[in-house]
Structures are given as structure tokens and as C-alpha cells.
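See below for the structure under consideration.
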Amino acid sequence: MRGGAAVAPERRLDVAAIRKDFPILAREIYGKRLAYLDNTATTQKPIQVLRAIEEFYRTSNANVHRGVYLMAEESTEKYEAARGIVARFLNARSPKEIVFTRGTTESINLVSNSWGRKNVGPGDVIVATEMEHHSNMVPWQLLAEEKGATLRYIPVDGSGRLDLSNLDAILDGPVKLLAVAHMANAIGTINPVDELIRRAHAAGAVVLVDGAQSVPHLGTDVRALDCDFLAFSGHKMLAPTGIGALYAKRDLLEAMPPFFGGGEMIREVKLSGSTWNEIPFKFEAGTMNIGDAIALGVAIEYLEGLGMDAVRRHDAELTVQALEGLGAIPGVTIYGPPAPERGGIVSFTVEGIHAHDVAAVLDREGIAVRAGHHCTMPLHAKFGIAASTRASFYVYNLPEEIDRLVAGVRKAKQVFNS
Amino acid sequence: MSLDDLYRQDILDHSQNPRNFGTLEHPEISAEDSNPLCGDKIRMDLRVKDGTIEDVKFTGVGCSISRAAASMLTEEIKGKTLEEVKRIGRDDVLELLGIELGPVRLKCALLALKTLKVGIYGLQSWKDEEEE
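Chains as they are written, first to last, in our numbering: chain A, 1141 to 1558; chain B, 716 to 847.
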């Protein structure tokens, strides 16, 4: 840096330039410009990602790790380079610690089926939290039921934070695993995963972090976190659907039995039995989603180009604006903690108007939001509501779109005389 | 379809002042169903005599479309025989509502009918026409 300035200037997103990379944002919905505020569900894809998919199928499509011809070499190189990009983005020790999957759900089910069935037995305890997405709750319920294990939940308080006051008791006994979201998909709470991981490790448990929201929005350093497993999805971070990954510490992966059996995951197959390929290939049976894995690498490079600090700051600014704007509307209840403790997610209810109806009015204004329980039925039951409306933000969202959201909610109140 | 069409005055009226809202004591038929996607729930109670629906009440939580559909449906079936009600289908509910709906909101609109059929057929989960 020239001039020796002590403090580097904060990197900011050039949202106008970013928006030019996302063709879908030019779409009109009912004659109005699309304001896409459902980024927790899935994000839009930049032209760089779309081009990478097309280029792969136009020029290099071949199965990986099999053929010896040039195109097979190219596709293998690109696929493994994408694994390297994921490892770098997460600060994993090695690309061997990255298993490609269909997404967060498959990653968690891989751990519950492989690690879980081997390591959890009758009387053991699995700990999750009340705010988990169903994908980080149901696999553990299935495992606990199969093994005769017990599932405990860290409760959520009225402010949408985890209540850690009884954590010592919850972690007492034969606790094998803690499953926790870094950032809650329904209400945006950023959980104190550092502390949870430290205390779970002290209790002898391994920790699976659901990174579906945190990897795209906060950036994640698995070595600093010291988590044992981390699951995330590509489609929530500018990549296509159907591709994601599981990070796992190498010694855990080495000791885990395969999840799916098939081609590629074997070393030697005899009629009497088989031996397994080295990690991570032991967990990548069958032909993988090669093209989308390569596209995930391109999406990560796009985010790295923006800078995850800048991504997080941008999310935070829009969140503060939304919390203030929506919070000023009479009858609006916002769920979850204040801005510094939440990512770019604002879930709310409007008194007297069902979430579906709020979302339908917003839709007619060109604003895409989610309405429902966001795959967190226990959390919604805790808040005493059946459904909420959720707005969530990403790199291409503008302050004007938050203004439109706020105006749209006011309009919903007019439509329903509420 | 404009917002005014989606929320036609009588849909708003039925959702905000639902007809036959409440429960019946000792109903011959009572059924509950929910839409797992959005958490909407509906319970339908029927008073049935000689195969004819003498009274009907519903309760539950839901969006304006699902409440309006339930309210309209209760008015529609009162006095009808169970056999007649069995013949009520998806299109009849949409005709009552007077709107067209995409696949997501269609589930809202059909929850009341689904609950009704669950009760009449005594099935745990009656499959709607699309799924059959």
C-alpha cells in the first residue's frame, strides 16, 4: 500500500457493476423490475457461472478419473481444481478433506449415515438446536431412532438466540455429536459456534456445522473454527443447484465407512468383497456432477473477487435498513436478534395478514420473498406462529429494493385493511 | 392477473368474516389436515343425518385463499349428500373462488377440500386429483 496508511480502506461492493453480471435481474415481474429477496432459499447465478457450465459441455465434457484421452484429462483437471478452490475458500488443510455432494442435505445425511451409524450407539446422545433447518434435525432423528440414541436440543430464547445457560447439562453424558447452524436460515441468527465447538470438544463430542447460510454470507475458516464437519450448498452462493460439499477433518474421513457404494469409490472389487478408494473418492460413488462442481469453483472465485468482508458488510447494511423500515410499520413483528448478531435475513409477520398473503402482494410489486415456515417448524412453533414472511439479501441487492419491500408491506396492510 | 383479481372482494370478505367458523359438538365426521409446506391447518366438523350434511363448521389457521376456500366450501356443501360432496373437485373450488392459481397457491385453495375428503372417505391422507 502506498503512503503507508495504517488502516486499509473498507472494500465496498460495486452493486451496479455486479448487477450487470446477473441477466435474470433485468426481468420484469407484473411490469415491475424484479427485486429478488429470497436469497436464503437460493441465489441467482452470474454470467461467469452460466458461461462456465456452457463451456464445459461445449468443449471438455468427459467423465473424470477414468479416460486417458485429452478431454478426460481436462475434465478431471477442472473438477479437481474446483475441489482445490473449495478447500482454499474454507481454509481446509487439503483438498482431500472436501467431498462433493448434491448440497447441504446430502452432506449431513452422509455424516449421519456413515460416521453416525458407526459411532453412535444405544444410550448415546446427539445434540442439535431448536433453530436447526429440518435438514440438520431429521437425519439425527432418524439416526437416534435407529440406534436407540437420545436427541437433545439447545433451546432458543424469545429473542431468537440460543439459550446456553444449561449447556453444561445438555453436553453432559455420552454426547457423540453436536449439530448446529452457524447462521440460522429462518431468522438469520449468527450463533456463537466458536464457543459451542470448544465446549462440545471439551465434552468429547464432534461438531457438525451447517454452513448453508454462513459459507455464502460470512465466509468460513474451518481451521480457525476447528469444526469436525461442515456442510454447504453451491446454489446458495451463486453456483447451480445440485452441487455442494462436505468438509471433514481428514482422520474422520479416513475412518468413516462409505455412504454410497458404486464405481469410483472402490480400490479393488472381488466377488467376496471390496476395498475402498482413498479419500475423498471413497465418498464419491458413481459419476459426479462434474459440470456444476466446476461452476461452483467459478462462483467461489467470483465471491473471492468481491471479498467476503465486503459481502458481509453489504448484507449488514441492507439488514439494518430493512429492520428499521419494517420495524417502523405498526403491526409488524420481526423475529430474531438485532443486526450485529444476524446475517442478511429478516423474517416477520404482519398482524392480521397471513404470510402467504403478504408475499402475494409483494409478488405483484415484483418483489420475491419466501413465505412459510422455512423448514423450521419447531422454531415457528416456539414463536407461536404458523408461518412468517422472509426477506433475505445478497451481493446484487440495492437499498432501493429494501425501500420497495417496506412500501410493499405497507400496501399489503391497505389491501387487507389491517 | 392483477392483485385486485387475486384478492377479489368476496375472497377478502370470506377470509375476514369466514362463514361457518367454529366447531360442532359430537360431529359425525371430523377431520384435520395441514399443508406441510406453509403450516396451514384446517379442521372440518360435519353433522350428517341420513347421508346428508345438516351442518358444517371449520376452524384453522391459513392464508386468505385457504380460509376463503374453506368458508365458501362450507356454504356449498351444507344440505348436500355425502355422495354429492364426493364429486366436488378441484375445478369446483376454483370456480367458487373465481380465480386462477399457480401450483403453490393451489395447495392453499384445496386444503379445505382435501380435509373434507379425508373426513368423508375416512382416509388418513386423501390424494388430490393431481397426485392420483
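No residue lacks a Cβ here, since even glycine has one placed at the ideal position from N, Cα and C.
Of the listed residues the options, nearest to residue i (C-alpha basis)
i: A/Ser1234; options: A/His1513, A/Leu1283, A/Gly1401 and A/Tyr1387; result: A/Tyr1387
i: A/Leu1296; options: A/Thr1290, A/Gly1328, A/Gly1288 and A/Leu1317; result: It is Val, not Leu, that sits at residue 1296 of chain A in the sequence shown. Comparing Cα positions, the closest option is A/Gly1328.
i: A/Pro1478; options: A/Glu1464, A/Gly1313 and A/Gly1471; result: A/Glu1464
i: A/Phe1556; options: A/Glu1540, A/Val1501 and A/Ile1238; result: A/Val1501
i: A/Gly1313; options: A/Glu1481, A/Pro1262, A/Ala1371 and A/Pro1420; result: A/Pro1262
i: B/Pro742; options: B/Ile768, B/Gly754, B/Gly813 and B/Asp719; result: B/Ile768
i: A/Phe1399; options: A/Thr1381, A/Ile1383, A/Ala1425 and A/Leu1411; result: A/Ala1425
i: A/Met1271; options: A/His1514, A/Ala1157, A/Asp1455 and A/Leu1411; result: A/His1514
i: B/His729; options: B/Arg802, B/Ile835, B/Pro818 and B/Glu791; result: B/Glu791
i: B/Thr796; options: B/Glu815, B/Gly813, B/Arg762 and B/Asp748; result: B/Arg762
i: B/Asp748; options: B/Gly766, B/Gly817, B/Thr774 and B/Asn735; result: B/Thr774
i: B/Gln731; options: A/Tyr1534, A/Pro1332 and A/His1494; result: A/His1494
i: A/Ala1289; options: A/Ser1275, A/Asn1276, A/Val1320 and A/Arg1257; result: A/Arg1257
i: A/Glu1150; options: A/Leu1446, A/Glu1237 and A/Gly1467; result: A/Leu1446
i: A/Val1519; options: A/Leu1392, A/Asp1391, A/Arg1390 and A/Ile1294; result: Per the sequence shown, the amino acid found at residue 1519 of chain A is Leu instead of Val. Nearest C-alpha to A/Leu1519: A/Ile1294.
i: A/Asn1203; options: A/Ala1309, A/Ile1542, A/Met1428 and A/Val1472; result: A/Met1428
i: A/Gly1483; options: A/Thr1244, A/Leu1358, A/Pro1279 and A/Lys1218; result: A/Leu1358
i: A/Ser1487; options: A/Gly1437, A/Ala1450, A/Glu1540 and A/Val1549; result: A/Val1549
i: A/Glu1481; options: A/Gly1437, A/Glu1541, A/Asp1497 and A/Val1333; result: A/Val1333
i: A/Ala1222; options: A/Ile1238, A/Ala1212, A/Lys1522 and A/Tyr1209; result: A/Ile1238
Same chain, Cβ closer than 6 Å to residue i, five either side skipped, listed in chain order
i: A/Ile1440; result: Ile1225 and Phe1229
i: A/Phe1196; result: Gly1431 and Ile1434
i: A/Cys1597; result: Within the shown structure, residues of chain A are numbered from 1141 to 1558, placing residue 1597 of chain A beyond reach of any answer.
i: B/Lys756; result: Ser749, Gly775 and Val776
i: A/Ile1193; result: Gly1431 and Ala1435
i: B/Gln839; result: At B/Gln839 the pLDDT is 46, less than 50, meaning the model places this residue with poor confidence; the figure from the coordinates comes in the next sentence. Cβ within range, chain order: n/a, list empty.
i: A/Phe1369; result: Val1251, Leu1348 and Ala1388
Cβ distance (whole Å) where residue i is taken to contact residue j below 8 Å
i: B/Asn750; j: B/Leu809; result: Between B/Leu809 and B/Asn750 the Cβ distance is about 17 Å, and since that is not below 8 Å, they are no contact.
i: A/Ala1552; j: A/Val1490; result: 6 Å
i: A/Ile1474; j: A/Arg1530; result: Between A/Arg1530 and A/Ile1474 the Cβ distance is about 11 Å, and since that is not below 8 Å, they are no contact.
i: A/Ala1268; j: A/Leu1282; result: So it is not a contact: roughly 12 Å between Cβ atoms.
i: A/Met1405; j: A/Trp1255; result: The Cβ separation is near 16 Å, so there is no contact.
i: A/Arg1339; j: A/Leu1307; result: 6 Å
i: A/Phe1372; j: A/Gly1351; result: 4 Å
i: B/Cys753; j: A/Ala1527; result: 5 Å
i: B/Met759; j: B/Leu831; result: 5 Å
i: A/Tyr1170; j: A/Arg1504; result: 5 Å
i: A/Leu1177; j: A/Leu1545; result: 6 Å
Residue i: contacting residues in chain A (beta-carbon distance under 7 Å)
i: B/Tyr722; result: Val1555
Nonlocal neighbours in the same chain, by C-beta distance under 7 Å from residue i, ignoring five residues either side
i: B/Asp725; result: none
i: A/Arg1159; result: Leu1165 and Tyr1536
i: A/Met1377; result: Thr1183, Val1355, Pro1356, Ala1439 and Leu1443
i: B/Gly813; result: Arg723
Under 7 Å by beta carbon: chain B residues contacting residue i
i: A/Val1546; result: The premise fails here: A/Val1546 is roughly 17 Å from chain B at the closest Cβ pair, so nothing lies under 7 Å.
i: A/His1520; result: Gly754
i: A/Val1260; result: The premise fails here: A/Val1260 is roughly 28 Å from chain B at the closest Cβ pair, so nothing lies under 7 Å.
i: A/Ala1527; result: Cys753 and Gly754
Interface partners of residue i on chain B, CB under 8 Å
i: A/Arg1504; result: Ser717, Leu718 and Leu721
Contacts of residue i in chain A (Cβ-Cβ under 9 Å)
i: B/Leu727; result: Val1555, Phe1556 and Asn1557
Cβ-based neighbour list, residue i, same chain, cut-off 8 Å, excluding 5 preceding and 5 following
i: A/Asn1325; result: Thr1180, His1273, Ala1352, Gln1353, Ile1485, His1514, Cys1515 and Thr1516
i: A/Gly1467; result: Ile1474
Contacts of residue i in chain B (Cβ-Cβ under 9 Å)
i: A/His1496; result: Cys753, Asp755, Gly777, Cys778, Ser779, Ile780, Ser781, Val819, Arg820 and Cys823
i: A/Ile1517; result: The identity of residue 1517 of chain A in the sequence shown is Met, whereas the question assumes Ile. Within chain B, the residues near A/Met1517 are Pro751 and Gly754.
i: A/Ala1500; result: Leu718, Leu721, Tyr722, Cys778, Ser779, Ile780 and Arg820
Checklist entry - Okay, do the segment 1298-1308 of chain A and the segment 1243-1254 of chain A touch, 3+ Cβ pairs below 8 Å being the bar? => result By the Cβ rule, the segment 1298-1308 of chain A does not count as touching the segment 1243-1254 of chain A, because fewer than three pairs are nearer than 8 Å.
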